[in-house]
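K.L.:
Protein chains: 2
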Amino acid sequence: MQLTQFSDYALRTLIYLGVREGDLATIEEIAASYGISESHLTKVVHKLGRLGIIDTVRGRGGGMRLNRRPADINIGATVRQMEGNLTIVECFDIEHNTCPIAPVCGLTSVLAEALEAFMAVLDRYTLADMMKERRNLAGLLSISIEDDARRRPAIRS
Amino acid sequence: MQLTQFSDYALRTLIYLGVREGDLATIEEIAASYGISESHLTKVVHKLGRLGIIDTVRGRGGGMRLNRRPADINIGATVRQMEGNLTIVECFDIEHNTCPIAPVCGLTSVLAEALEAFMAVLDRYTLADMMKERRNLAGLLSISIEDDARRRPAIRS
């Protein structure tokens, strides 16, 4: 059982952009922070853009940012949109299936039921739930974020 | 979301052997029936043997067969045993993880919960449920099975 690399990288990108809040981020810096391939990430970012989940600013000093608040980005919906068809085994993709027993195999409906249960859990969470430890995430991703305590006067002083 | 090829091929092998009932089958014929790689299947069969799910007879005329009744082979248990650790994303395998945010990432527990829900569905089924259409499965796998009607006298004649 594996989440595809495509969904995995999409969720990592969204967490990164969530931590950055409105600041623009580039593919290069996200790939470097996670130590992952830029070319794989480029395809993921392209799709996130086409789906309207992120917003891209072209040119020098450009980059990407979230197009919605983290609380409005549902994890289940994102995985479904990124994957298109959830091909848990090859017979879920009728066009490319080579397994001869697909028409009468009892496993298909059981895997469909299990996949449904899996996605139902993801449907209950949003990107905001993924980044409750924003400050620690920023540290591990080498993102410098403004210190909230410095931005507003401390109440007790 | 994908079931690993390892689990996929294991389940296909068990369905094949279930259709064959007690008859011995070879890796060559299973690989040919499904149109899949013999070398991949060899590793799968080796593990199924080590787990005691199948029984192997060596030498000329040898092969493998199920070691238990299909109703006693649980699908969830089989997938868990075949996969060892269910590495849905790389951070589930601490030894090989490269993702820097693993210690504070909110996604890990959500994916663990979703995986649990997935496996809970598989735990409710056995190999017997997979092969309710045994006769049709045999046809698609080019397995000739004895006609049950011929083996015992028909009640009405």
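So the protein lines, in turn, are chains U and H. So for the first sequence, our numbering puts the first residue at -6; every next one is plus one. So for the second sequence, our numbering puts the first residue at -6; every next one is plus one. Don't be surprised by glycine CBs; every beta carbon is placed ideally from N, CA and C.
1. I need the DSSP call for H:T35, collapsed to helix, strand or coil.
2. Among residues of its own chain, excluding the 5 on either side of U:D141, which ones have a beta-carbon nearer than 6 Å to its beta-carbon?
3. Near H:M(-6), what residues of its chain come up, given a Cβ to Cβ distance below 6 Å and the 5 sequence neighbours on each side ignored?
4. Who are the neighbours of U:P93 on chain H, taking C-beta pairs under 8 Å?
5. For U:D122, go through chain H and note every residue whose CB falls closer than 8 Å to its CB, in chain order.
6. Any beta carbon of chain H sitting closer than 8 Å to that of U:N129?
7. When you compare only the Cα positions, how much space is there between H:R85 and U:E14?
8. Using beta carbons (cut-off 8 Å, strictly below), is H:T49 in contact with chain U?
9. Under the DSSP definition of a beta bridge, which residues are partnered with H:L59?
10. Answer with buried or exposed for U:S0, where buried requires no fewer than 16 other C-beta atoms within 10 angstroms of its C-beta.
11. Over what stretch of residues does the alpha helix (DSSP H) that includes H:N90 continue unbroken?
12. Roughly how far, in whole angstroms, is the beta-carbon of U:V72 from the beta-carbon of U:L115, given that I think they are within contact range, below 8 Å?
13. Any beta carbon of chain U sitting closer than 8 Å to that of H:E106?
14. Counting only Cβ pairs nearer than 8 Å, list the residues of chain U close to H:D151.
15. List the residues of chain U whose Cβ lies closer than 9 Å to the Cβ of H:V114, in chain order.
16. Can you give me the Cβ contacts of U:R127 inside the same chain, cut-off strictly under 7 Å, excluding the 5 residues immediately before and after it?
17. Would you say H:M75 reaches chain U, if we count a Cβ-Cβ gap shorter than 8 Å as a contact?
18. Taking only three categories from DSSP, how would you classify U:T152?
19. When the Cα of U:T80 is compared with those of U:R61, U:I20, U:S102, U:R62, which residue comes out closest?
P.N.:
Based on what the coordinates show:
1. Helix at H:T35.
2. For U:D141, the predicted structure reports a pLDDT of 49, less than 50, and the residue's modelled location is therefore unreliable. The matter cannot be settled from this model.
3. There are no such residues.
4. Residues of chain H passing the Cβ test: S26, Y27, G28, L133, L134.
5. Listed along chain H, the residues sitting closer than 8 Å to U:D122 by beta-carbon distance are G99, V103.
6. At least one chain H Cβ lies under 8 Å of U:N129.
7. The amino acid occupying residue 85 of chain H in the given sequence is Phe; Arg does not appear at that position. Cα to Cα, H:F85 sits roughly 27 Å from U:E14.
8. Residue contact with chain U for H:T49: absent (no Cβ-Cβ distance below 8 Å to any residue of chain U).
9. Residue pairing by DSSP puts H:L59 in a beta bridge opposite H:I47.
10. U:S0 is buried by the Cβ-count criterion.
11. It is not in any alpha helix (DSSP H) - H:N90 carries neither H nor E in the DSSP assignment.
12. Contact flag correct, Cβ pair sits at about 6 Å.
13. Answer yes: the Cβ-Cβ gap between H:E106 and chain U drops below 8 Å somewhere.
14. Since the first and last residues shown for chain H are -6 and 150, residue 151 of chain H lies out of range.
15. For H:V114, the neighbours in chain U by C-beta distance under 9 Å run, in chain order, V103, L104, E106, A107, L108, E109, A110, F111.
16. Answer for U:R127: V12, listed in chain order.
17. Not closer than 8 Å to any Cβ of chain U, the Cβ of H:M75 fails to qualify, so no.
18. The structure shown has nothing for residue 152 of chain U, since chain U only spans -6 to 150.
19. Checked all of U:R61, U:I20, U:S102, U:R62; the closest Cα to U:T80 is U:S102.
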